[in-house]
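A.B. asks:
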């Protein structure tokens, strides 16, 4: 059974009831890959809905630069090319370090160092115990590397620079489950990360977490004039993106955020959600969240899983409560859509 | 269970919402296909096992890849192999349409993707190129120090130790070169602190340069004066300069002085190296020599001063074309 305190248990039950009531009223419509859901999984879900409702994304999205799409970054998980080798699951990821231009706002163009043309880089996702193989090709001029958080042998630690035009293949076991990250570890790391060479690395526990609308939110800063301070900030690479285009979510839907603070130069930033409390799963190292808060403090490279659902509809902000950082681009809205799909 | 009763309802229902099944299997996002041959992929530390004298198709320089080209008799195969990098498995030579399965069968024992211990000329070119990149950084750093811009010189003093030293450290040990990381760091610290004492800065700069030159001098003289060898190093320097220059320019402006200056240093050092073999090339390949000298002169004009000009002299594409031209000529001359 869940290890909630009494009051939290009540909260959770209420939210289950809400969803069940909705189901019984036939309001939660959708298609589901029923064949893929075994009965046992339904049983295991113990009353939790096994379907997840994600309101459709807006058709039109602003174009910011080569391949940068904050709404796509949000829910896009790269599971790699899966093969079986010697009886194990191997996930192969291919990334190319490149340089490219990014229009951060109308008056600021920024030259990124990126992976596969994106800032942040792809969100790699695997299950604990999988073999990870990352084929890293550096075509970005400077020497770069990929240093993964999580465990691995010293030879795979990614602090050794990979020269321009060279390939390095990182290979290790995906351990332990949780939310991790990767980034270039060539000095000055502030510049290599600040230019865009970072991304999230999610390792799922062997037993999948309960279904939810899952999203990645990575906070980062941009030093646009080389003064070792950030002039602009962003969630998922693009300042103010989710202010201009709020993230649609479904009322009463369990939301699971994978949040990472990748801001250089400022030692710490918080994550704050309006009009709600989230349940914190620190570094994603637990199978269930452990406590509630509406502000969580993260040093650079710290990351957590945050879970919540909104009972109320409407627009609710999220942002670091270092308000200068928020106002310089690191803020956004969830747009909670009512139970009836519109 | 009431819960199950509604399963049918869900299946029948159809809404606008996107629904995600709860299992964790996701479609693969890469377009790479599995190799046609049974894989014997290593299960640990793929990149660090030593494997004789195989050719690493991810890393080998052109002269090494030429062995495959010669074996199969396919013209320009070396370039094609280089252009289709990276390879996750050697079998991708087939799945990426670089060669046919029949051709692959002929060379499969010669190739690897594992990080092999370089030997012979390939090893020396690799070593020299890394030291050459250090030299380029140091040359542009000196110019900036002389202009009284230590804050701009600092990243270029830093790059040799931050980006290159760790990559060449093993080779330095092996060749009995005295470690010089501390000299590089001492200079970087001084420049970071503002390079206030000009004499001490000059002294430490000299010590760093002497260390790099000392490391270069362990290569046999015959090697360092061999035009074939030097041209490979020049191409490596110019290729890196090309990438750096691209990373300096946005919106028709030089946005990043650091990358502009990096590329300037690499081209200057490439030009210095060419001077050392120019006579040989002129004698043996006069036509190529003429083109290389003219193109190099054009290329050098792209970096008129250590401090970038307001408007770039040439676009990254134009610079790429010039560099390609030099590469083509160097192949004729080797």
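Chains as they are written, first to last, in the numbering used here: chain A, 1 to 342; chain B, 1001 to 1334. Here a beta-carbon is modelled for each residue, glycine too, at the ideal position from N, C-alpha and C.
Kindly indicate the opening and closing residues of the alpha helix (DSSP H) around residue 1117 of chain B.
C.D. replies: It is not in any alpha helix (DSSP H) - residue 1117 of chain B carries neither H nor E in the DSSP assignment.
A.B. asks: Return the CA-CA distance between residue 1163 of chain B and residue 1301 of chain B, expressed in angstroms with no decimal places.
C.D. replies: 27 Å
A.B. asks: Only counting the same chain, and skipping five residues up and downstream in sequence, which positions put a Cβ closer than 6 Å to that of residue 1159 of chain B?
C.D. replies: The answer, listed in chain order, is 1137.
A.B. asks: Determine the burial state of residue 19 of chain A: buried for a count of at least 16 other Cβ atoms within 10 Å of its Cβ, exposed for fewer.
C.D. replies: The predicted model places residue 19 of chain A with a pLDDT of 39, which falls under 50 and marks its position as unreliable; any figure quoted below should be read in that light. Counting Cβ neighbours within 10 Å, residue 19 of chain A comes out buried, since at least 16 surround it.
A.B. asks: Taking residue 250 of chain A and residue 337 of chain A to be in contact with their CB atoms under 8 Å, please state how far apart those CB atoms are, rounded to whole angstroms.
C.D. replies: 6 Å
A.B. asks: Taking the C-alpha atoms as reference points, what is the distance between residue 1261 of chain B and residue 1105 of chain B?
C.D. replies: The alpha-carbon atoms of residue 1261 of chain B and residue 1105 of chain B are separated by roughly 46 Å.
A.B. asks: Compare the C-beta of residue 1085 of chain B with all C-beta atoms of chain A and state if any pair is closer than 7 Å.
C.D. replies: yes
A.B. asks: Between which residues of its own chain and residue 1065 of chain B is the CB-CB distance below 6 Å, once the five residues before and five after are set aside?
C.D. replies: 1078 and 1081
A.B. asks: For residue 42 of chain A, does the three-state DSSP call read helix, strand or coil?
C.D. replies: For residue 42 of chain A, the pLDDT reaches just 36, beneath the cut-off of 50, and the residue's location in the model is therefore unreliable, although a value from the coordinates is still provided. Helix at residue 42 of chain A.
A.B. asks: Report buried or exposed for residue 1115 of chain B, applying the criterion of at least 16 other Cβ atoms within 10 angstroms of its Cβ.
C.D. replies: With 16 or more other Cβ atoms within 10 Å, it is buried.
A.B. asks: Residues bridged to residue 93 of chain A by DSSP?
C.D. replies: A:134
A.B. asks: Tell me the rounded alpha-carbon separation between residue 1179 of chain B and residue 1275 of chain B.
C.D. replies: 29 Å
A.B. asks: Compare the C-beta of residue 145 of chain A against all C-beta atoms of chain B and say whether one is closer than 7 Å.
C.D. replies: Between residue 145 of chain A and chain B, the shortest Cβ-Cβ separation is not below 7 Å.
A.B. asks: With burial defined as no fewer than 16 other Cβ atoms inside 10 Å of the residue's Cβ, what is the status of residue 265 of chain A: buried or exposed?
C.D. replies: exposed
A.B. asks: Let's see if you can read the secondary structure: which residues bound the beta strand (DSSP E) around residue 109 of chain A?
C.D. replies: 108-115
A.B. asks: Per DSSP, what kind of secondary structure is residue 1155 of chain B in: helix, strand or coil?
C.D. replies: helix
A.B. asks: Quick one, are the C-beta atoms of residue 262 of chain A and residue 198 of chain A less than 7 Å apart?
C.D. replies: Yes, Cβ-Cβ distance for residue 262 of chain A and residue 198 of chain A is below 7 Å.
A.B. asks: Expressed to the nearest angstrom, what Euclidean distance is found between the alpha-carbon atoms of residue 1141 of chain B and residue 185 of chain A?
C.D. replies: 23 Å
A.B. asks: What's the gap between the Cα of residue 358 of chain A and the Cα of residue 140 of chain A?
C.D. replies: Only positions 1 to 342 of chain A appear in the structure, and residue 358 of chain A is not among them; the question remains open.
A.B. asks: By a C-beta neighbour count over all protein chains shown, 10 Å radius and 16 as the cutoff for buried, is residue 196 of chain A buried or exposed?
C.D. replies: buried
A.B. asks: Output yes or no for whether 7 Å exceeds the beta carbon distance between residue 1210 of chain B and residue 1124 of chain B.
C.D. replies: no
A.B. asks: Just to check my reading of the structure: residue 344 of chain A and residue 92 of chain A have Cβ atoms closer than 8 Å, yes? What is that Cβ distance to the nearest angstrom?
C.D. replies: Nothing about residue 344 of chain A can be read from this structure; chain A reaches only from 1 to 342.
A.B. asks: Going by DSSP, which residues form a beta bridge with residue 199 of chain A?
C.D. replies: Looking at the DSSP output, residue 199 of chain A shares a beta bridge with A:182.
A.B. asks: Would you tell me roughly how many angstroms separate the C-alpha atoms of residue 310 of chain A and residue 276 of chain A, rounded to the nearest one?
C.D. replies: So the two alpha carbons sit approximately 7 Å from each other.
A.B. asks: Any beta carbon of chain A sitting closer than 7 Å to that of residue 1284 of chain B?
C.D. replies: No, no contact with chain A.
A.B. asks: Rounded to the nearest angstrom, what separates residue 279 of chain A and residue 257 of chain A at their Cα positions?
C.D. replies: Rounded to whole angstroms, the separation of the alpha carbons of residue 257 of chain A and residue 279 of chain A is 10 Å.
A.B. asks: Assuming residue 1083 of chain B is part of the alpha helix (DSSP H), what are its boundary residues?
C.D. replies: 1077-1083
A.B. asks: Hey, out of B:1318, B:1099 and B:1264, whose CA is closest to residue 1074 of chain B's CA?
C.D. replies: B:1099
A.B. asks: Counting contacts by CB-CB distance shorter than 7 Å, is residue 1182 of chain B in contact with chain A?
C.D. replies: no
A.B. asks: Can you tell me where the alpha helix (DSSP H) holding residue 242 of chain A begins and where it ends?
C.D. replies: Element bounds for residue 242 of chain A: 241-244.
A.B. asks: Do residue 1358 of chain B and residue 1306 of chain B have their CB atoms nearer than 7 Å?
C.D. replies: An answer regarding residue 1358 of chain B cannot be provided, because it is not within the stretch 1001 to 1334 covered by chain B.
A.B. asks: Go to residue 286 of chain A, then tell me how far its beta strand (DSSP E) extends in each direction, as first and last residue.
C.D. replies: Where residue 286 of chain A is concerned, there is no enclosing beta strand (DSSP E), given that its DSSP letter is neither H nor E.
A.B. asks: Can you find a CB in chain A that lies within less than 7 Å of the CB of residue 1146 of chain B?
C.D. replies: Contact of residue 1146 of chain B with chain A is not assigned, every C-beta pair being separated by 7 Å or more.
A.B. asks: Rounded C-beta distance between residue 1219 of chain B and residue 1128 of chain B? I'm assuming under 8 Å.
C.D. replies: 6 Å
A.B. asks: By a C-beta neighbour count over all protein chains shown, 10 Å radius and 16 as the cutoff for buried, is residue 1255 of chain B buried or exposed?
C.D. replies: Buried, because 16 or more other Cβ atoms sit within 10 Å of the Cβ of residue 1255 of chain B.
A.B. asks: Rounded to whole angstroms, what's the CA-CA distance from residue 325 of chain A to residue 219 of chain A? Just pull it up for me.
C.D. replies: Cα to Cα, residue 325 of chain A sits roughly 10 Å from residue 219 of chain A.
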